[in-house]
Amino acid sequence: MCGIVAAVAQRDCAEILIEGLRRLEYRGYDSAGITVVERAGEMCRHRQVGKVEMLASALAAAPLHGGTGIAHTRWATHGEPSEANAHPHHSSHIAVVHNGIIENHEQLREELQAKGYHFVSQTDTEVIAHLIADLHPQSDSLTQAVQQAVARLQGAYGMVVLDAKNPDEIVVARSGSPIVIGLGLGENFVASDQLALLPVTRRFIYLEEGDIATINRRDITIYDQQGAVITRDEVEASGQTDSADKGGFRHYMEKEIHEQPEAVANTLAGRLDANHIGLDTLSPDAKKALLAAEHIQIIACGTSYNAGLVARYWFESIAGVSCDVEIASEFRYRDFVVRPNSLLITLSQSGETADTLAALRLAKAKGYMAALSICNVPGSSLVRESDMHLMTRAGAEIGVASTKAFTTQLALLLLLVTLVARDKARLSPAQEQQLVEQLHRLPELLKQVLAIAPQITALAPDFADKHHALFLGRGEFYPIAVEAALKLKEISYIHAEAYAAGELKHGPLALVDSDMPVIVIAPNNELLEKLKSNIEEVRARGGQLYVFANESAGFVSDEGMTVVTLPDCDAMLAPLVYTLPMQLLAYDVALIKGTDVDQPRNLAKSVTVE
Ligand code: F6R
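Numbering-wise, the UniProt record's numbering puts 374 at position 374 of the sequence shown, and it's gapless, one number per residue.
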């Protein structure tokens, strides 16, 4: 989704801004632009539809010199991807880049047009540029003009504003869309994601909701929502944050699939000893809330939601605690009933997903006993706004299709569930010790699973020419089927659906013919016999079956059925194990189809708008 990079530097900033945009490419975008103040009062701009590299070429052909500049990658919301709609937007000597959506842009546009402002784009952002240009002459400073302008805006924004007549400072504002300030020596930077600034600094200040900051080369002054000067903590980026290279893999997604053994090991590190599960990073209060919860409400979007669906099976069957899971965009617009002593858990890789954040804010106001976030990005909005958090520690996930974020969420959720189950005496010390032993072996087990990659590659051509695919599972493997279908559709553009296998005969069986591959997740568990009946239903209709099972499930490949054998494992770990081949399959099919695996069309990594 949209990305922002800005600088007030002592040196030419264009290259720094372009490198920052490159590092934000993974978020998904369709156009890019840059404005640099070349001399006081004179700003120059390049904008391009398409990749950042095209903007870099335009810049190489006509370089921009100057230490103060703003740059942006745009993911179209209001108006098609076009040069005119790309940011920065200018009005007189004011330039603006903006992430988010201004909901009252039509009304403001009419108002500004009546005052004689001429609009050249279809974007909501252009109203911000004109509004600030309109307010600036009567204000004491650019900061004051921005303060007055944001008071008129409804919606979400992270923005950077510059005044070409005063190139020594930039002003930034945050409401609903993240902004981080990068601290340099005699120069300062701004971005929507710290990853963009790691080549120039590792020291950061995150703005809070409603903050506005004036930034020059040496000083940063931050004002809170009420306009009072306020101090925000400085944080240092950890060593592992910057993993933005492909490490010899063809795509970030491939790299991230293969990183899962290590990522899961990081998730578990320090949270297990030889016999026990401990979540010592949770404060005593947080643990108390978790153990006191009589109901758990999980809220998330996309892949994170699918992890929540698995956790629901676990919370209810292992820990004996009732659990609901809901998509954030539905939850936030529904009149819901808060059950007594309910704990809210939000799941998110990025911690910036607009719907999940809005749902968290709403839920806090509605009286959940506490809000716990499970997240991958330290310092993200979700982490900062929740009462307590647990980090998944998967490392930076760059591929738009989420992989290691999912399995690390599952690993962490499993620890939570086990902690609650132990507290409720539903897990004996011997059972806990057995699970702990298995968890210690989990990274090795995941490596073993990844070793079947060549087998999956060999299957991929069967799918590449298909238009549809059906995934089936039962119990906690139904959400794994849902996640598998999501992976296939988002990166290979093949229409894929997942069904709880028992639902097959209630409709989807009508779709089954020899052109419809049916992928079944079939570990040997108490539902296997039921699943075998569903498999027979497909076979009887000439469907092509691909069954992923362990050896003891007893499947044998034959004409209508290809069996992929996975290692035996503890039932609680199996959802993680069966996820990996699904990710590999989606990846291999996308490779054959030649899609843009890391940045699939129309999608963004961090969905910071509704
Ligand atoms: C799918 C995918 C998305 C995200 C969803 C939520 O592969 O990546 O469905 O899972 O946008 O994002 P987070 O987890 O950052 O809240």
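Note that the Cβ used here is the ideal one computed from N, Cα and C, for glycine as well.
The set of residues whose C-beta lies within less than 5 Å of a heavy atom of ligand 1 reads, in chain order, C301, G302, T303, S304, S348, Q349, S350, T353, A401, S402 and V607. At a cut-off of 4 residues, the continuous stretches assigned as alpha helix (DSSP H) that sit fully inside the region 34-96 are 52-61.
Ranked by Cα distance from K487, the first of R11, M253 and S283 is M253. Non-local C-beta neighbours of Q455 in its own chain, meaning closer than 8 Å and more than five positions away in sequence, comprise V564, ordered along the chain.
In its chain, beyond the 5 residues on either side, V589, I592 and K593 have a beta carbon closer than 6 Å to the beta carbon of A464. When beta bridges are read from the DSSP output, R334 appears opposite no residue. Fully enclosed alpha helix (DSSP H) runs of no fewer than 4 residues are not present anywhere in the region 421-446.
Along the length of the UniProt domain "SIS" (286-426), whole alpha helix (DSSP H) runs at least 4 residues long occupy 302-314, 328-331, 354-366, 381-385 and 404-423, reported in chain order. By the beta-carbon neighbour count (other beta carbons within 10 angstroms, threshold 16), K288 is exposed.
For Q260, the three-state secondary structure derived from DSSP is helix.
Counting the other CB atoms within 10 Å of its CB gives L64 a total of 16 or more, which places it among the buried residues. In terms of CA proximity to V8, V172 leads the group L290, V172, E503 and D140.
Check the Cα spacing between I94 and each of E103, A164 and L584: the tightest is with A164. Contact between S492 and T595 holds, since their C-beta atoms are separated by about 6 Å, short of 8 Å. Of the residues G278, L291 and Y499, the one whose Cα lies closest to the Cα of G473 is Y499. With contacts defined by Cβ atoms closer than 8 Å, L585 and L470 do not form a contacting pair.
In the DSSP assignment, V577 falls within the alpha helix (DSSP H) that extends over A574 to K593. The alpha carbon of Y206 has as its nearest neighbour, out of L185, A61, R218 and I230, the alpha carbon of I230. In the three-state DSSP reduction, V597 falls in the coil class, being neither helix nor strand. For A173, the enclosing beta strand (DSSP E) has its first and last residue at E169 to S175.
Contact between the region 117-130 and the region 149-163 is present, with at least three C-beta pairs closer than 8 Å. Ranked by how close their Cα comes to the Cα of A425, the residues A405, T392, G367 and G320 have G320 in first place. The C-beta distance from Y587 to I521 rounds to 17 Å, too long to fall under 8 Å, and the pair is not in contact. The count of Cβ pairs closer than 8 Å, one atom from the region 18-32 and one from the region 62-82, reaches three, so the stretches are in contact. Contact annotation, I70 with I170: C-beta distance approximately 7 Å; criterion of less than 8 Å satisfied.
If you compare the alpha carbons of L21, I16 and G543 with that of C2, the shortest gap goes to L21. The continuous stretches of alpha helix (DSSP H) do not include Y223, which lies in the beta strand (DSSP E) extending over residues I220 to Y223. Ranked by Cα distance from V150, the first of G542, E536 and G210 is G210. Contact check between the region 567-582 and the region 435-451: three or more CB pairs, one atom from each, fall below 8 Å, which counts as touching. Its chain contains Q260, P261, V264, T407, L576, V577 and L580 as the residues whose beta carbon lies nearer than 8 Å to that of L446, once the 5 sequence neighbours on both sides are disregarded; these appear in chain order.
Within the DSSP secondary-structure output, F189 pairs in a beta bridge with A7 and G182.
At a Cβ-Cβ threshold of 8 Å, L410 and L372 do not count as neighbours. For T143, the enclosing alpha helix (DSSP H) has its first and last residue at L142 to V150.
Taking all protein chains shown into account, N376 has 16 or more neighbouring C-beta atoms within 10 Å of its C-beta and is therefore buried.
Judged by their CB atoms, I298 and A286 are not nearer to each other than the 8 Å cut-off.
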